[in-house]
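Engineer: Protein chains in written order, with the working numbering: chain W, 2 to 505; chain E, 3 to 330; chain V, 2 to 314; chain F, 895 to 1219.
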Amino acid sequence: MDSVLKAKKIVKNFGGVKALRGVDFELLAGEVHALVGENGAGKSTLIKILTGVLQPDSGEIEYFGKNVVLDSPREAHELGIVAVYQEPLVYKHLSVVENIFIGNEIKKRNGDVDWKKERDVTRELLKSLDIDPYFIDEPMGSLSTGLQQLALIAKALNYNAKVIIFDEPTAILTEHETQRLFSIIKKLKEKEVGIIYISHRLEELPQIADRVTIMRDGQVMGTFNMNEINREKMIELMAGRAVIEEIDRKPPKYEEVVLEVENLNKKGLYQDISFKLYKGEILGFSGLVGAGRSEVMQTIFGLIKPDSGKIKINSKEVNIKDPASAMNIGIAYVPEDRGAQGLFRALAISFNITIPIIDQLSKFFGMVDKDKEREISENYLKWFQIKAPSIYTLVNNLSGGNQQKVLLSKWLATSPKILILDEPTRGVDVAVKSQIHNEILRLAESGISIIIVSSELPEIIKLSDRVIVMHEGRITGRFDKKDSITPTNLLNAATGSRMVYSRD
Amino acid sequence: MMKKFLKLMAVNRSFFLFVFLIGMFVVFSFIIPEFSTIYNVLNMTKYGVEIGLLAFAETLIIISGGGGIDLSIGSILSLSAMVIGVLAGRLGVNIVIASILGIITGGLCGVVNGFFVSFLRIPPLIVTLSTMYVYDSLALLIAVDKWGNPMPVSNFPYGYYFIGQQTYFNIPFQVIAIFIPLALMLHFVLSKTTFGRYLVATGNSEVVARFSSVPVRRVKFTVYVIGGFLAGLAALIMTSRIASARPDLGAGLNLQAITIAVLGGTNIMGGEGSILGTLMAIVVITALYNGLQLAGISSIWQVGTLGIILIGSAIANIILSKKFSSVE
Amino acid sequence: MELKKIIKSRELTVGLVMIGLIVFFSLSSERFLTTNNIKNILLQVSSIGVASIGMTMIIITGGIDVSAGSILGIVAVTLGKAATNGFPAWLSIILGILVGLALGSVNASFIALLGIPPIIVTLGMMSLLRSLAYTFLGGRWIASLPGAVRWMGLGKILNVPVPIWLTIILVAYFSYFMRYRPLGRYIYAVGNSLEAARVSGVDTKRILFFVYALAGLMYGIAGAIVVGRAGIVQTNTGNNFELQVIAATVLGGTSILGGKGTIVGSILGSLLVAVLSNGLILLNVPALTEGLIIGVLILGSVAIDVIKNRGEE
Amino acid sequence: MKKLWVYLLIGIVMLLTVSAFATYKIAFIPKLVGIPYFNAMEAGGKRAAKDLGVEFIYTGPTTDSVAKQIEIIDNLITKGVDAIAVAPNDPAAITPIMKKAKEKGILVLTSDTDGAEGVRELFVNQARAKDIGYTVMDVVAELMDYKGKFAIVSGGPTAWNLNTWIMYLQQRLAEYPDIELVTIRYAGEDVQRAVDVGLSVIQAFPDIKVIVGMNSTSAPGVAEAVELAGKVGQIWATGITVPSMMKEHMKKGSVKKFVLWDPENLGYLTVWAAKYLLDGNEFPANTPIDVPGIDTKPIYYPETKELVLGPPLVFTPENIDKYNF
């Protein structure tokens, strides 16, 4: 196979930080080349250099055997190098059609935008991805993140690219959507397109990747054929150490119901939601993106007003009118979108951690007790091993994994009795993931009741005592026994077949 | 040392303005002998008070984010001033009661703004642009005399004038008794209290703030109400100082107040800004106007100089931060 | 689908409010719906309408321009000075308009190339240019402009005044431009997400530069209309013009946070205000209540719109 | 080279003599700078300063803001001048600051508009407000042959002197039973706005015979509106404004008569009177005074401490070319 893209001795520094220290990387035509490494290993920087967003301090890039200088994303696009980024970059007020064609218009002879043709092409592109193109005129902002991501993949395909870079495409896709993406990738391979595939989900790599390059601290630790390397070896190379042992936890007792939801309805979002949460248990919520899971959780947290239904805490009905009242009765909700919902990126770690409880940290005249604030923040910094120079570091300057830890700290600081975690490990690397998993197990053991919403089946299966599956706003599966929680069962329920393995 | 100094200039707006102020003082003192006399320095402070209060209001409102801005602030001042004037001067209401009602009027105007902005979620620019027309019109309507012409009211009781005209050792009463304490208080509220935290949080991201159990609507509502009260207070000081209530007292002050807030480092996108920065900007502009006038430079160039400073300081800031932000 | 979009649009709300007003005014005064009066209203809208084309684009990119009135002032001064200093009429007009373009480009350079926030640049320019206008005029007004220079305000083509032609043509062209020219689409892109636009290979600096420079050009044309109509160049020509233009634009549905809006909406916005202030005079509503009524109506029509679209988020 | 030195020496000597003779610093603060009316007053003041050998300071706000005027007066006090003359935007509002000036030994006067009652030494009045209001009304009546309807377009609704003139105009109106005032509208300091308002007024009241513009911008604005509406010959535009703004409209036939006084003379008189008082003189009461440099004979009224320039001028096509402001 021919070499499509070759990076030679790429060096990149940010201020004093060495992001890349002489990276070599080669992509062949028609291969899927996985790129793995912990957060901060330099993957994103490398990708930005390959797509012209950043320029290297030194080193060369070869494209089809010729040296090229990528000064801007436009040049990379014109050469056929396209990236689908981890955080969907969308124009939220513009339609899907416009999102796909901005910067790459189909023009009539007089230079006008050919809307009709663009619509047609969009429809075809989406159909080729097995997606019903009913939404192409909707503003992008009104779509779920999953659909947004797929539209962006369609956009990349539209560039007739020779190189497509997927930066964690499956992080926000469900199992079903992931499988669909894999079949798309396989089609692309047949067309001799080179694919760079970045993912933290090491278990999906054997399914899709041909080769894998492992990075650590701005260096390449090695490139292997996928069949020559196993998961453990990859982790060892990525982390430079053995993986954290996972702890054991006794099953909960199912005696005390702390939260009970009865016939909750919200038009257009979910219908007939009823379930119980016991003290000390971990209840998983599985399903496809857009199934209404997050919306149910946001209702419990007072962010959405339900049309009807009851919420009971310790068998007393409560009226949760806003997040503050939810917090007061001991509910914490860690949202799925770290950037848009979870953290103030331009503000300090300590600000973020203490904002929900700032009222309790005030002395006279509402003055913030700075000492207490520092104490609490520093405790979490230590406890979660958040890598940051100080508690006054801006969240923006942290890696994804550390940001996620700050987000968890923020809600743990409220000392919740009920902790709702929405995609608690999205976009974090393996080491941080197992650290967070361990923390969740430990919290449950200490008597906190936890709901986990996750689109990663392995995560749900590993952590949950019981699982509820939702599909299109309804509960389509309840799995109470550990051995009934299997990928097949969950997937079946998630696609709409009603499954009940339930005691209630 | 020099590097550290320049870096501080780049990151700290208040410090930047402070250095600028010192430079300006030196230059003016050389050109104009009257400028740096204690009398002049103390005397000019009173001209920063009313616009300063409005600029504080804008600072808080702009920090609240989501396009937060108050174009009606000058009109609130006019209306409050007219309420005090009409009540005390035409209807013979006790001046203390009239003053309190005038300030409350300001607060009520803020309540209206805040209601539309935070509870009906109408963009602040539209709300305050509309209420600007409304408050102006109300101020004119209550000012009409028996001939149907809006006329100023000036027959305040003598005792009223101590607020805006009294000085102690040349220090104007309103500066020492109202402005400075209020500036300290607002600085305290913004930088040290939970409300300040909530405000900054809301301005940084309304969604994240909502998800963090910050009472977003209440916070936004509150800043507009505070803004209204500050404008009402400014109306009180101004009517007392110039001994006249006019329905056009606040005309043109809205953009000036916004300019000062922006010069003081308030980020128009919200979430960022400080009372200290705004205060420095007020001092700079007050001293600048005073110096230019004493130097006999045509008043036409006062605003022009302000424009140059605004753009110039932004350019200086960019150059400084380009040079010094990457050096850790 | 398309129908739903139209029903949800601000343009429809503003349009309906306006139709309501027109019906009300024509029932109350037979002089309202006459050719003459319609012409008056359209003439009144023309300068604000033309300027709002530029302002709409600027606000769509997430920016703002409060220097519009001051630029218009300088344009008027240039035009007036040129015309009274022996330049031929056509050259004076072109010179004036070019000065608008040039000043727009100055804004553009600071904003697009140096990356200074638009509010700072244009607040600064607003103050600076106002002083310059005074200085250039030496405090004197220019009256008795030769008739030919006033063509942009007084001229007629096919018995329709030039300002009305200009407004219709420019609005039609730029509405088409915003929907069908790639550049128009990039303007929306920049306002939605500067980062995404950059990554899509859109030259965002060029787009921003274009928008502010074009706005300057539009203020130039608006300035020529104003001078033509008034016949006098004042030292404070264009005072408060920017607020009227911004009001019309925002009233017409352009989001002050950027990303969405249409030029047609802005024209409807400026028409609404013009119809209202004309109608109030025709009904002889006391002048001092005019502001009250205009304010309440603007706020009311936007409130209707916001409430109508509640629950869509 | 030698010549240069001579010139320099002469220059220095001249400077010294000027500063030696410029014993008085007399400041005039207009309502706002940059409008033709006050430009004319400035020109008159400058002429007087040259004639009388005093220093003339002309400085004022760029908008008609009283707060800004006060600030400027305060700075003049700091700077130290001998006399301050103000055309106040608000008659009462300048009282405290004028009092302060007086306490510092500065001669305080008002000019164009009165104010600071009980404090000021003198009000240099162009004409009595009553005379102005009455004259405008009389001109209106004459234009419409003492029968019919007319409308007013004024400047800012808060302009104190405009409102006073309108008040006197309404007083006089009572004496004309067949004349009706249909509406008063406001157009600010903006010619274009005055054109728009004028057009709407003409549309609303097509049967009016006269439309009055009460300030320098509204008068030419309504004249323009009359021409645009094609009503030349049916509706007369008139008002209070400077002649340079109206010349063109007189030619086009929309304007026959309008009212003002000579602001240049007023400026001259202001500086002259300040110098006169500073020299320690007293005005002769109630008799015409000879002021070299102006062509009217002002009268001093001691009971109101008012120096009145003369009756308002009515401009007609016959006399308009005599004035160049």
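Just so it is clear, CB atoms sit at the ideal spot from N, CA and C, and this is done for glycine as well.
1. Can you tell me the Cβ-Cβ gap for residue 280(E) and residue 58(E), rounded? I've got them flagged as a contact below 8 Å.
2. Looking at residue 244(E): is its Cβ nearer than 9 Å to the Cβ of residue 987(F)?
3. First and last residue of the beta strand (DSSP E) that includes residue 12(W)?
4. Taking only beta-carbon atoms, is residue 306(V) less than 9 Å away from chain W?
5. Note down, in chain order, each residue of its chain lying with its Cβ closer than 7 Å to the Cβ of residue 1(E), except the 5 sequence neighbours on either side.
6. Of the choices 325(E), 255(E), 315(E), 266(E), whose alpha-carbon is the least far from that of residue 49(E)?
7. Using a cut-off of 7 Å between C-beta atoms, extract the partners of residue 1097(F) located in chain V.
8. Roughly how many whole angstroms lie between the Cα atoms of residue 328(W) and residue 59(V)?
9. Please say whether residue 356(W) and residue 200(E) have beta carbons closer to each other than 9 Å?
10. Going by C-alpha to C-alpha distance, which of 284(W), 222(W), 99(W) sits closest to residue 138(W)?
11. Would you say residue 310(E) faces chain F, with C-beta separation under 9 Å as the test?
12. Are the stretch 1070-1078 of chain F and the stretch 1032-1045 of chain F in contact at 8 Å, needing three or more beta carbon pairs?
13. Looking only at its own chain, which residues have a Cβ that is under 6 Å from the Cβ of residue 28(V), when we skip the five neighbours before and after it?
14. DSSP state of residue 492(W), grouped into three classes?
15. Mind checking the stretch 288-304 of chain E against chain V and listing, in chain order, the residues whose C-beta falls within less than 9 Å of any C-beta there?
16. Of all the residues that make up the stretch 220-254 of chain V, which are near chain E by a beta-carbon distance shorter than 8 Å?
17. Can you give, in chain order, each stretch of the alpha helix (DSSP H) that sits fully within the stretch 1085-1163 of chain F and has at least 4 residues?
18. Which of the three DSSP states, helix, strand or coil, is assigned to residue 77(W)?
19. Just to confirm my understanding: we take residue 330(W), look at its own chain, exclude 5 residues before and 5 after, and list those with CB closer than 7 Å. What are they?
20. Among all the DSSP beta bridges, which residues are the ones paired with residue 68(W)?
21. Any idea what DSSP makes of residue 372(W), helix, strand or coil?
22. Using 9 Å as the threshold, is the C-beta distance between residue 76(W) and residue 8(W) below it?
23. Per the DSSP calculation, residue 931(F) is bridged to which residue(s)?
24. For residue 271(W), which beta-bridge partners are listed by DSSP?
25. In its own chain, which residues sit with a C-beta less than 8 Å from the C-beta of residue 476(W), not counting the 5 before and 5 after it?
26. Below 9 Å on C-beta distance, what does residue 366(W) contact in chain E?
27. Please say whether residue 84(W) and residue 132(W) have beta carbons closer to each other than 9 Å?
28. Nearest-angstrom Cα distance between residue 59(W) and residue 218(V)?
29. Considering only DSSP beta bridges, list what residue 260(W) is partnered with.
30. Taking 7 Å as the limit between beta carbons, can you name the residues of its chain near residue 417(W), skipping five residues before and five after?
31. Using a Cβ-Cβ cut-off of less than 9 Å, give me the residues of the stretch 73-86 of chain V that come near chain C, in sequence order.
32. Using Cβ-Cβ distances below 8 Å, what residues of the stretch 334-345 of chain W are close to chain E?
33. Is the CB-CB distance between residue 1045(F) and residue 1095(F) below 9 Å?
34. Is DSSP giving residue 969(F) helix, strand or coil here?
35. What are the uninterrupted segments assigned as alpha helix (DSSP H) that are 4 or more residues long and contained completely in the stretch 167-230 of chain W, given in chain order?
36. Can you tell me where the alpha helix (DSSP H) with residue 14(V) in it begins and where it stops?
Structural biologist: According to the structure data:
1. 6 Å
2. Contact annotation: residue 244(E) and residue 987(F) have beta-carbon atoms nearer than 9 Å.
3. 4-15
4. no
5. Not covered by the structure: residue 1(E). The range shown for chain E is 3 to 330.
6. When only C-alpha atoms are compared, the closest one is 255(E).
7. 32, 37, 38, 41, 283
8. 42 Å
9. yes
10. 99(W)
11. no
12. yes
13. none
14. helix
15. 300, 302, 303, 304
16. 244, 247, 248, 251, 252
17. 1085-1098, 1112-1122, 1137-1146
18. helix
19. 314, 319
20. Looking at the DSSP assignment, residue 68(W) forms a beta bridge with 63(W).
21. Of the three classes helix, strand and coil, the one that applies to residue 372(W) here is helix, per DSSP.
22. no
23. Answer is none; residue 931(F) lacks a bridge partner.
24. 267(W)
25. 273, 274, 275, 276, 469, 470
26. Neighbours of residue 366(W) on chain E, chain order: 190, 191, 194, 195.
27. no
28. Whole-angstrom Cα-Cα distance: 44 Å.
29. 278(W), 314(W)
30. 331, 332, 333, 449
31. Among the chains of the structure shown, chain C does not appear; the protein chains present are W, E, V and F.
32. 334, 336, 341, 342, 343, 344, 345
33. yes
34. The answer is helix: DSSP assigns residue 969(F) an H, G or I state.
35. 176-191, 206-209
36. 11-29
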